[in-house]
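Heads up: the structure comes next, in structure tokens.
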Amino acid sequence: MSGRTFELLLGGHTGAQPVRVSVQRLVIAGWTGRDAAAVERHIRELEALGVRRPSRTPIFYHVAVARLALGEVIEVVGDASSGEVEPVLLQWNRRTWVGVGSDHTDRKVESYGVAVSKQMCDKPLAPRFWAFDELEDHWDSLIVRSYVQEGGTTTLYQQGTLAEFLPPQTLISHLAGGRSMPEGTLMFCGTLSALGGVRSTGQFIFELEDPVLDRTIRHQYRAEILPIAD
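Residue numbers for the sequence shown follow my numbering, so the first one is 94 and each next one is one higher.
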């Protein structure tokens, strides 16, 4: 299995330092809500776009590490893709780290193959990560949100607390069968319903807020559309 090395900022509320991290596995967890009714709403939201129901929940898609992107521009084919803010877990140097990313997805491809759609677009990632042990006791109070640019206006697209997701240890147990993920594993942990419905997003802003320790990880990117040849 081939990986990639990224320079990430790892640390706590007192500061962070750049660290070269070798990511060996990229996993996208889907349908990870604690509230079964909310999970069903998201499934129906995607069914309206032609996306088939998952075979089980939660479900884990293994994605090429090459899809991870730290920059502020990604290239996509056509205009049917959109971002999704997600909390991210990273296992590195025998510790678990927490960050935030966007599971940018091609919605046309998703309608006939979710696993294939996960490979179609880069997955933007904020380079800053916090130590999980610093926030484990207030995990449910953390907030993820995203914004899109529509008609020259910045619009709130998603927002919710991590209390809406399965606890991280539950996800790790489902994925790895233990209390920690394999070293070098990076996992996107699920997303929230889009306010106003899933739609194409060009400029996408996403963040993870820790209201207890008063800090925020924020990142943004632009999806540049490549033409489709007839």
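For each residue, glycine too, the CB sits at the ideal point set by N, CA and C.
Just so it is clear, the structure is predicted and the values come from calculations on it, not from any experiment.
If I follow the unbroken alpha helix (DSSP H) through H155, where does it start and stop? Segment I152 to V156 is the beta strand (DSSP E) holding H155; no alpha helix (DSSP H) there.
Is D172 near the ligand NAP - that is, is its Cβ less than 7 Å away from at least one heavy atom of it? Looking at this structure, you won't find the ligand NAP or any other ligand, since it has none at all.
Would you kindly work out how many angstroms separate the C-alpha atoms of V112 and Y240, rounded to a whole number? 29 Å
Measure the alpha-carbon distance for P320 versus V178 and round it to whole angstroms. 26 Å
Tell me the residue span of the beta strand (DSSP E) that contains A109. G108 to V116
C-alpha gap between L142 and E133, whole angstroms: 14 Å
Cβ neighbours of P147 in the same chain (closer than 6 Å, five flanking residues each side left out): W124
At the level of alpha carbons, what is the spacing between S174 and V202? 9 Å
Which term fits H231, buried or exposed, when burial requires 16 or more other beta carbons within 10 angstroms of its beta carbon? Under the 10 Å beta carbon count, H231 is surrounded by fewer than 16 other beta carbons and is classified as exposed.
The segment 234-248 touching the segment 300-318, judged by at least three CB pairs closer than 8 Å: yes
Distance between A219 and H312 (C-alpha atoms, nearest Å): 5 Å
Could you have a look at K216 and say whether DSSP puts it in helix, strand or coil? In this structure, K216 counts as strand in the three-state DSSP scheme.
In DSSP terms, what Y328 is bridged to: The chain is shown only over 94 to 323; residue 328 falls outside these bounds and no answer can be derived.
G290 CB to nearest chain B CB: under 8 Å? Given the protein chain composition of this structure (a single chain), no chain B is represented.
Residues bridged to I121 [DSSP beta-bridge criterion]: DSSP output for I121 lists Y154 and F281 as bridge partner(s).
Determine the extent of the beta strand (DSSP E) in which I236 is found, giving its start and end residues. I236 to E243
Beta-carbon separation (whole angstroms), E257 vs A131, contact threshold 8 Å: 7 Å
Only counting runs of 4 or more residues, tell me where the alpha helix (DSSP H) segments fall wholly within the segment 159-210, in order along the chain. 200-203 and 207-210
Among D233, L161 and T189, which has the Cα closest to the Cα of E276? T189
Quickly, what does DSSP pair G105 with across the bridge? List them, please. For G105, which the question treats as bridged, DSSP gives the partners G108.
Buried or exposed for L249, please, with buried defined as at least 16 other CB atoms from any protein chain shown within 10 angstroms of its CB. L249 is exposed by the Cβ-count criterion.
Which residues in the same chain have their Cβ closer than 7 Å to the Cβ of R221, if we skip the five residues on either side of it in sequence? L102, A109, G192 and I310
Local conformation of L255 per DSSP, three classes: helix
Residue of V305, G295, T263 and Y314 minimising C-alpha distance to I152: T263
Does the Cβ of A157 have 16 or more other Cβ atoms within 10 Å, making it buried, or fewer, making it exposed? exposed
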